[in-house]
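In the working numbering, the protein residues as written are -11 to 551.
Okay, here's the thing in structure tokens:
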């Protein structure tokens, strides 16, 4: 094996790329801060609090996030951490993606889950598994994404740990394997017991913004435990004995297939169990793996109906570079009005100054100004390997789903766009801002933050979103980033469907005639989206059903594949 191949094998093997997902307010972004604190990436952790708080979090970089104490965008952060079992080996390279918790931004979270190799699920110990968490785990299960679970907020009164185990297993359909166990809860919370290494970690609730080493005791039967825990020690010993007899042993293969989830307890706010979580994740989470891609001419132009679609698995350790764009973010730096495309490297190695083949455009492009991230902070990427996330400055030529390679025609699939359920007509207050509005809506649409429709009849844009908060974020960003002030009028649409003709057994003339008839009879409800695809905007489900019955040769899709 050549030196270059050995370097690639080693570098890919030490990558751990994962997303943090949870129901809103479970403590996901605060946990992100503490993971960065343990890595040494930041020296003082912010917390998600009210707008009057002195500090804000590193991952919530948008002004609106800092004001409201919510996450509405995905942040990418990279840091190194020593491998807990291999102190002399190179440190693990951790790529962490903090996702929006709110359901309105589920599409952003879904796209992030296509770009990671594992997920960290955060659960509020007082509430157990909530509805949003269930939906996110369904997405993980569709992709067989390995999931590590962290039960947060044990410094407050929570559900009993055994009840939480039952709650998680019933609602998520995964077997829980506890790796740590809480000692008390609320005011009596003393720390966590490491069931795998038979160690105990005790923490103080003071000074929670700095790393605390804690106290380690070697065994559950150590007499020192009686001194440290008092009357709580017997409860801990009884719980550990019960778990040793009843809990399933950890099966790494079952974890990689998404059938088992390691379970850890703690409090992100007070650093209880955070280091144990990070080290467990580095031990257990998989390095980058192979990904399926469409190859050849079919990567850029769909084959004729009935023709096979050629695919192959692209191995992470292949020497040739490849990657796909899963997110575009505009105005990360408002002073420069920049736009950044987030690219997940799937194979090979990126080097500063290299050119890559842009498969959709069919030409090479320079990647010399690619960046690596720590939320808002970023620097020029000198090199990166499979599993890493890099940012490519985007001047309007890059779209979500675009694939870049060393030359081979590929297209990585599975990056969907969902039909919106909330619609508004945009009415400009000043006609002079028409150009700025069109630019803002186009860029926000390319990000996937909203969906934009231009009706065949009429001149006003219609915006579509999943929920009200998504619309509020759009209004805020149009005003703060593009200086567009507008009114947003309700319209009689409740859902959208992307329409394409069923081409089976039809020639080009028949297809053209079919679409002309459809467009003529339904023009009041037809619009082109931001990608110029035709969509039917339905006022209600009954109307949609009737149109589908009238035009059986038209396919109505609730999702569309990016590119």
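Heads up, the beta-carbon is just placed ideally off N, CA and C, and yes, glycines get one too.
For residue 458, the first and last residue of its enclosing alpha helix (DSSP H) = Position 470 of the chain shown holds residue 458. Per DSSP, residue 458 belongs to the alpha helix (DSSP H) from 456 to 470.
task = Take residue 239 and list the residues in its own chain whose beta-carbon comes closer than 7 Å to its own, dropping the five residues that flank it on each side.
result = Your numbering for residue 239 matches position 251 in the chain shown. Around residue 239: 248.
task = Would you tell me roughly how many angstroms separate the C-alpha atoms of residue 9 and residue 499, rounded to the nearest one?
result = On the chain shown, residue 9 is found 21 positions in, with the first residue counted as 1. On the chain shown, residue 499 is found 511 positions in, with the first residue counted as 1. Near 44 Å, if we compare the C-alpha coordinates of residue 499 and residue 9.
ask   = Taking the alpha helix (DSSP H) that residue 67 falls in, what are its first and last residues?
value = To locate residue 67, count along the chain shown from 1; it is residue 79. It is not in any alpha helix (DSSP H) - residue 67 instead sits in the beta strand (DSSP E) that spans 63 to 69.
query = Short check: CB of residue 140 to CB of residue 255, under 8 Å?
reply = Looking up residue 140 in the chain shown gives position 152. Looking up residue 255 in the chain shown gives position 267. In this structure, the beta-carbon distance from residue 140 to residue 255 falls below 8 Å.
task = Could you tell me whether the Cβ of residue 107 comes closer than 8 Å to any Cβ of chain C?
result = Absent from the structure: chain C. Only one protein chain is present.
ask   = With residue 110 and residue 14 assumed to form a contact (beta carbons below 8 Å), what rounded beta-carbon distance in angstroms separates them?
value = Here the question's residue 110 lines up with position 122 in the chain shown. Here the question's residue 14 lines up with position 26 in the chain shown. With a Cβ gap of about 5 Å, residue 110 and residue 14 count as contacting.
request  = Please state whether DSSP places residue 188 in a helix, a strand or coil.
outcome  = Reading the chain shown from its first residue, position 200 is the one you call residue 188. Strand.
ask   = Can you name, in chain order, every residue of its own chain whose Cβ lies under 6 Å from the Cβ of residue 345, other than the five neighbours on each side?
value = Reading the chain shown from its first residue, position 357 is the one you call residue 345. The residues are 352, 393 and 395.
key: Residue of 496, 531 and 166 minimising C-alpha distance to residue 510   = By one-based count along the chain shown, residue 510 stands at place 522. The candidate whose alpha carbon is nearest that of residue 510 is 531.
query = CB-CB under 7 Å to residue 114, same chain, minus the five flanking residues each way: which ones, in chain order?
reply = Position 126 of the chain shown, counted from the first residue, corresponds to residue 114. Once the five neighbours on either side are set aside, the close Cβ partners of residue 114 are 141, 144, 145, 146 and 147.
query = For residue 33, which of helix, strand or coil comes out of DSSP?
reply = What you label residue 33 is simply residue 45 of the chain shown in a count that begins at 1. Since pLDDT at residue 33 reaches only 40, below the 50 mark, its modelled position is unreliable, and the value read off the structure follows with that caveat. Coil at residue 33, not helix or strand.
task = Could you say if the segment 356 to 375 and the segment 406 to 419 meet the contact criterion of at least three C-beta pairs nearer than 8 Å?
result = no
message = List, from N- to C-terminal side, the alpha helix (DSSP H) runs of 4 residues or more that fit wholly inside the segment 486 to 515.
response = 496 to 509
message = For the structure I just gave you, are there three or more beta carbon pairs, one from the segment 275 to 284 and one from the segment 168 to 175, closer than 8 Å?
response = no
N-terminal and C-terminal residue of the alpha helix (DSSP H) that residue 227 is part of = One-based indexing of the chain shown puts residue 227 at position 239. First-last of the alpha helix (DSSP H) with residue 227: 221 to 234.
ask   = To which residues of the same chain is residue 371 closer than 8 Å at the C-beta, ignoring the five residues directly before and after it?
value = The sequence position of residue 371 within the chain shown is 383, counting from 1. Contacts found: 337, 338, 339 and 340.
task = Report all residues from its chain with a CB closer than 6 Å to the CB of residue 413; omit the five preceding and five following residues, and keep chain order.
result = Indexing the chain shown from 1 puts residue 413 at position 425. Counting only Cβ-Cβ distances below 6 Å, and skipping sequence neighbours, we find 448, 450, 477 and 479.
query = With DSSP run on the structure shown, which of helix, strand or coil describes residue 77?
reply = Looking up residue 77 in the chain shown gives position 89. Coil at residue 77, not helix or strand.
inquiry  = Quick check: the Cα distance between residue 522 and residue 171, rounded to an integer number of angstroms?
reply    = If you number the chain shown from 1, residue 522 lands on position 534. If you number the chain shown from 1, residue 171 lands on position 183. Each residue's alpha carbon lies about 58 Å from the other.
inquiry  = Going by the DSSP bridge assignment, what does residue 343 pair with across the sheet?
reply    = The residue labelled residue 343 in the question sits at position 355 within the chain shown. Partner(s): 354.
key: Helix, strand or coil at residue 100 according to DSSP, with G and I counted as helix   = Residue 100 sits at position 112 when you count from the first residue of the chain shown. Here residue 100 sits in helix by DSSP.
ask   = Can you name the start and end residues of the alpha helix (DSSP H) that residue 140 belongs to?
value = Counting from 1 along the chain shown, the entry for residue 140 is found at position 152. Premise fails: residue 140 lies in the beta strand (DSSP E), 135 to 140, not in any alpha helix (DSSP H).
inquiry  = Per the DSSP calculation, residue 83 is bridged to which residue(s)?
reply    = To locate residue 83, count along the chain shown from 1; it is residue 95. 5 and 66, per the DSSP bridge assignment.
request  = Go ahead and pull the three-state DSSP assignment for residue 307.
outcome  = As a first step, residue 307 must be located in the chain shown, where it is residue number 319. In the structure shown, residue 307 sits in coil (DSSP, three-state: anything other than H, G, I, E or B).
inquiry  = On the DSSP letters alone, give me the boundaries of the beta strand (DSSP E) that residue 442 sits inside.
reply    = Residue mapping note: residue 442 aligns to position 454 of the chain shown, counting from 1. Taken as a continuous stretch (DSSP letters only), the beta strand (DSSP E) holding residue 442 covers 439 to 443.
Rounded C-alpha distance that separates residue 35 from residue 227 = The residue given as residue 35 occupies position 47 in the chain shown. The residue given as residue 227 occupies position 239 in the chain shown. Bear in mind that the predicted position of residue 35 carries a pLDDT of just 38, short of 50, making it unreliable; the figure below should be weighed with that in mind. Residue 35 and residue 227: Cα-Cα distance of roughly 32 Å.
key: Reference residue 525, options 519, -9, 544 and 415, closest by Cα   = As a first step, residue 525 must be located in the chain shown, where it is residue number 537. Among 519, -9, 544 and 415, the Cα nearest to that of residue 525 belongs to 544.
message = Just to confirm before moving on: does the CB-CB distance between residue 86 and residue 63 stay below 8 Å?
response = Residue numbering aside, residue 86 sits at position 98 when the chain shown is read from its first letter. Residue numbering aside, residue 63 sits at position 75 when the chain shown is read from its first letter. The answer is yes: Cβ separation under 8 Å.
request  = List the endpoints of the continuous alpha helix (DSSP H) containing residue 554.
outcome  = Shown here, the chain extends from -11 to 551; a query on residue 554 therefore has no answer.
task = Report whether the distance from the Cβ of residue 338 to the nearest heavy atom of the ligand MG is below 7 Å.
result = Looking at this structure, you won't find the ligand MG or any other ligand, since it has none at all.
task = Answer with buried or exposed for residue 119, where buried requires no fewer than 16 other C-beta atoms within 10 angstroms of its C-beta.
result = On the chain shown, position 131 is the one that residue 119 refers to. With fewer than 16 other Cβ atoms within 10 Å, it is exposed.
request  = May I ask you to report which of helix, strand or coil DSSP gives residue 390?
outcome  = Within the chain shown, numbered from 1, the residue matching residue 390 stands at position 402. Coil, per DSSP.
task = Label residue 533 either buried or exposed according to how many other C-beta atoms from any shown protein chain fall within 10 Å of its C-beta, with 16 as the threshold for buried.
result = If you number the chain shown from 1, residue 533 lands on position 545. Its Cβ having fewer than 16 others within 10 Å, residue 533 is exposed.
ask   = Are residue 265 and residue 251 closer than 8 Å when you measure CB to CB?
value = Residue numbering aside, residue 265 sits at position 277 when the chain shown is read from its first letter. Residue numbering aside, residue 251 sits at position 263 when the chain shown is read from its first letter. Not in contact: residue 265 and residue 251 (Cβ atoms no closer than 8 Å).
ask   = The beta strand (DSSP E) spanning residue 526 covers which residue range?
value = Taking the chain shown and counting its residues from 1, the one referred to as residue 526 is at position 538. Segment 522 to 526, the beta strand (DSSP E) holding residue 526.
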